[in-house]
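Novice: Pasting a structure below so you can have a look.
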């Protein structure tokens, strides 16, 4: 129904924290604590994460604990559990080796993955 209304030229303002919903919009505004961080197409926002999205696993630690450790690292912008892995968004200029060798991190396998909205 929303797509039909938008197709008829109606402006739709949709507030959501669900990225799969936001990804379907023509334009998005990304805000944090009242500050506008991004305005534009969802695909362009996703492209800014290219080369910074990684999947990480550990043979010695479960995903919840691994995610908790990773989110405490200053090199990590964001993270979430995704299936049997932990998806990380690394800060610019951070390499997978920076995460592998960070204090307190267990043995990990970390590989680049496609950026997702």
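Residue numbers (the numbering used here): 616 to 732.
The C-beta atom is built at its ideal place from N, Cα and C for all residues, glycine as well.
Just so it is clear, the structure is predicted and the values come from calculations on it, not from any experiment.
1) Report the rounded CA-to-CA distance for residue 619 versus residue 694, giving the unit in angstroms.
2) Output yes or no for whether 8 Å exceeds the beta carbon distance between residue 683 and residue 709.
3) So the alpha helix (DSSP H) residue 662 belongs to, where does it begin and stop?
4) Report buried or exposed for residue 625, applying the criterion of at least 16 other Cβ atoms within 10 angstroms of its Cβ.
5) Please name the residue, chosen from 622, 681 and 640, that lies closest to residue 630 on a Cα-to-Cα basis.
6) Taking 8 Å as the cut-off, decide whether the C-beta atoms of residue 668 and residue 723 are in contact.
Specialist: With the structure as the only source:
1) Position 4 of the chain shown, counted from the start, is the residue given in the question as residue 619. Position 79 of the chain shown, counted from the start, is the residue given in the question as residue 694. Straight-line measurement puts the Cα of residue 694 at about 34 Å from the Cα of residue 619.
2) For the purposes of this step, residue 683 is identified with residue 68 of the chain shown, where counting begins at 1. For the purposes of this step, residue 709 is identified with residue 94 of the chain shown, where counting begins at 1. Going by C-beta atoms, residue 683 is not nearer than 8 Å to residue 709.
3) The residue given as residue 662 occupies position 47 in the chain shown. Its alpha helix (DSSP H) spans residues 657 to 662.
4) In the chain shown, the residue the question calls residue 625 occupies position 10. Looking at its Cβ environment, which holds fewer than 16 other Cβ atoms inside 10 Å, residue 625 is exposed.
5) Against the chain shown, residue 630 aligns to sequence position 15. Of 622, 681 and 640, the smallest CA-CA separation from residue 630 is found for 640.
6) Mapped onto the chain shown, residue 668 falls at position 53. Mapped onto the chain shown, residue 723 falls at position 108. No, the pair does not count as a contact, with Cβ atoms beyond the cut-off.
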